[in-house]
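Q: Starting off with a structure, shown below.
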Amino acid sequence: MRSRKALEGFEPYEWETPSADIAARLGLAVEQIIRFDTNTSPDVPIRWLRDLSSKLDEIGINDYPDTSYLSLRKALSKYVNIPVDWITVTDGADEGLDLLVKTFMDVSSKAVVSAPTYSYYRTIAQTAGGDIVSVPRLKDFSDDIEGLLKAAKREDTRIVFLCSPNNPTGNSSKREDVIQLLEETDVAIVVDEAYSEFSGKTLVDLTNRYDNLIILRTFSKAFALAGARVGYTVASKPTIDLINKVRPPNSLSVVSLALAELAANDLETVKRNIKAAVQERDRCRKFIEQLKGIHVYPSETNFLLLSFEKLDPDKVHKELMKKGLIVRNVSKTKGLEKCLRFSVRLPEQDDLLLTALSEITKNS
Ligand code: PMP
């Protein structure tokens with residue numbers, strides 16, 4: 494049996510270890526494990542689940558969903574203020590990424606990223622038989638626009654992936670930089686706005702002016718529905734029509750669609766979630782700024798990136814883990830050698846992490 498050539502030497506995406514495995518390894522109860530590494534919401538949206546359970550007879554689980562997902566697209570159209578035909582719904586934003594490489598990348602073609610960034614862009618480009626061209630970010634993590642323009646103009650480039658705000662650095666791309674890329678190149682400029690609700694910024698409106706702009710969004714972060722697996726892509730109608738050519742007809746469950754629709758029609762709850770995350774982020778940031786030996790980067794997301802001056806981030810990661818506090822060790826990533834990342838959670842959970850960090854830095 495022979496696998497595809499593209500999979501030779503291919504490094505798969507590193508999945509988060511399940512909490513039960515971590516607990517077993519540490520000799521802790523699974524309830525003692527707090528996940529600060531997934532950038533999800535700490536609140537279970539119990540109201541939407543209850544609303545869903547009160548209309549189970551409408552769910553039609555015996556049938557396939559409406560494959561155009563029209564009802565959810567109508568709700569999203571109101572939310573992002575974009576026509577229904579300019580939106581396609583996917584099984585998480587990650588399926589959106591899969592559709593984009595299937596739409597735009599040929600074997601040996603390239604996708605450009607502003608590095609460091611979300612590592613799945615590399616994985617997905619390589620599964621399409623292509624590869625990544627990494628343009629290092631500047632010292633303050635802003636995009637190197639000259640470098641990106643040069644890479645985007647390569648003959649073999651098909652996609653530029655910009656994550657805004659960026660995972661894991663927390664900063665947004667500049668609107669004028671994205672406009673320059675859109676105007677000076679004709680490759681697909683993909684802006685992954687998975688965390689945009691926490692920044693209050695979006696480039697969705699620019700899809701009106703540029704066919705080559707594609708925005709990715711998700712219900713996994715501000716909408717607290719990571720387990721439901723719902724994302725969506727926004728672009729001009731001709732571009733959405735192109736992407737729909739490779740979209741599988743039924744990748745979303747009717748249950749997930751119904752939950753996402755309830756969420757999209759309850760924006761007050763979503764706004765409250767966003768406000769709580771932003772407040773918590775700013776509180777944690779202020780606290781950590783007082784600690785010696787840690788630099789905390791500005792963030793427009795629901796997570797913070799920390800850099801340790803002297804302490805070894807691997808050791809800090811292990812120390813925290815022993816207490817059941819699981820943060821993301823990003824120190825193996827080029828440009829982030831001294832760094833750890835954590836997403837904010839409920840105040841009482843964050844307090845445990847802040848206290849632990851305070852002790853670790855005091856004892857160093
Ligand atoms: N884009 C970015 C930048 C992310 O961080 C993530 C999830 N961690 C995704 C996309 C994937 O989101 P989804 O859960 O919608 O597949």
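For what it's worth, the numbering used here labels the leading residue of the sequence shown as 494, then goes sequentially. Note that the Cβ used here is the ideal one computed from N, Cα and C, for glycine as well.
1) What number of angstroms, rounded off, separates the C-alpha of V573 from the C-alpha of S792?
2) Leaving out five residues before and five after N664 in sequence, what residues of the same chain have Cβ atoms less than 7 Å from its Cβ?
3) Within the continuous beta strand (DSSP E) that includes S496, where are the two ends?
4) How would you call W579, buried or exposed, if buried means at least 16 neighbouring beta carbons within 10 angstroms?
5) Specify, as a first and last residue, the run of the beta strand (DSSP E) that F780 falls within.
6) If I526 sits next to A516, beta carbons under 8 Å apart, how far is it from one beta carbon to the other, in whole angstroms?
7) With respect to the beta strand (DSSP E) encompassing L833, which residues constitute its N-terminal and C-terminal limits?
8) Whose C-beta lies closer than 7 Å to the C-beta of S729 among residues of the same chain, with five residues either side of it excluded?
9) Can you tell me the Cα-Cα spacing of S627 and V683, whole angstroms?
10) Comparing the CB of D844 with every heavy atom of the ligand PMP, is any distance shorter than 7 Å?
11) Spatial neighbours of G553 within its chain, please: CB distance less than 7 Å, with the 5 preceding and 5 following residues excluded, ordered by chain position.
12) According to DSSP, V605 sits in a beta bridge with which residue or residues?
13) Rounded to whole angstroms, what's the CA-CA distance from K816 to L784? Just pull it up for me.
14) For the ligand PMP, any of its heavy atoms closer than 7 Å to the Cβ of G585?
15) Can you name the start and end residues of the beta strand (DSSP E) that S512 belongs to?
16) What is the DSSP secondary structure of N660, counted as helix, strand or coil?
17) Just how far apart, CA to CA, sit G622 and R647?
18) Tell me, to the nearest whole angstrom, how far the beta carbon of V723 is from that of F712; I am working on the premise that it is less than 8 Å.
19) Going by the CB atoms, is the gap between L590 and L641 shorter than 8 Å?
20) Would you kindly check if the distance between the Cβ of I781 and the Cβ of L799 is under 8 Å?
21) Who does H810 pair with in a DSSP beta bridge?
22) Is any non-hydrogen atom of the ligand PMP found closer than 7 Å to the C-beta of Y611, if you look at the structure I gave you?
23) If I follow the unbroken beta strand (DSSP E) through L799, where does it start and stop?
24) Which ranges would you report for the beta strand (DSSP E) in the segment 660–743 if only whole runs of at least 3 residues count?
25) Using 7 Å as the cut-off, classify the Cβ of N532 as near or not near the heavy atoms of the ligand PMP, replying yes or no.
26) Give the secondary structure of L641 by DSSP, where H, G and I count as helix, E and B as strand, and everything else as coil.
27) Smallest Cα separation from S851: which of R821, G786, C832?
28) First and last residue of the alpha helix (DSSP H) that includes I617?
29) My parser needs the alpha helix (DSSP H) runs of 4 or more residues fully inside the segment 541–594; what are they?
30) Using DSSP with H/G/I as helix, E/B as strand and the rest coil, what is I787?
31) With respect to the alpha helix (DSSP H) encompassing I853, which residues constitute its N-terminal and C-terminal limits?
32) What residues are listed by DSSP as bridge partners for R821?
33) Quick check on I526: does DSSP put it in helix, strand or coil?
34) Go to L752, then tell me how far its alpha helix (DSSP H) extends in each direction, as first and last residue.
35) Note down, in chain order, each residue of its chain lying with its Cβ closer than 6 Å to the Cβ of V606, except the 5 sequence neighbours on either side.
A: This is what the structure gives:
1) 23 Å
2) Cβ neighbours of N664 within its own chain (closer than 7 Å, five residues either side excluded): F634, S635, P658, P791, E793.
3) That residue, S496, is in no beta strand (DSSP E); it is neither H nor E in DSSP.
4) buried
5) Unbroken run through F780 is the alpha helix (DSSP H), 760–782; no beta strand (DSSP E).
6) 5 Å
7) For L833, the uninterrupted beta strand (DSSP E) segment begins and ends at 832–836.
8) W579, T700, D704
9) 15 Å
10) no
11) V747
12) According to DSSP, V605 bridges with V626, V653.
13) 20 Å
14) It does: the Cβ of G585 is within 7 Å (strictly closer) of some heavy atom of the ligand PMP.
15) That residue, S512, is in no beta strand (DSSP E); its alpha helix (DSSP H) goes 512–519.
16) coil
17) 17 Å
18) 4 Å
19) no
20) yes
21) Under DSSP, H810 takes part in no beta bridge, so it has no partner.
22) yes
23) 796–801
24) 681–685, 706–711, 724–727
25) yes
26) helix
27) G786
28) Start and end: 613–620.
29) Complete alpha helix (DSSP H) runs here, min 4: 563–573.
30) strand
31) 840–855
32) R834
33) coil
34) 747–757
35) Y614, I625, S627, F654
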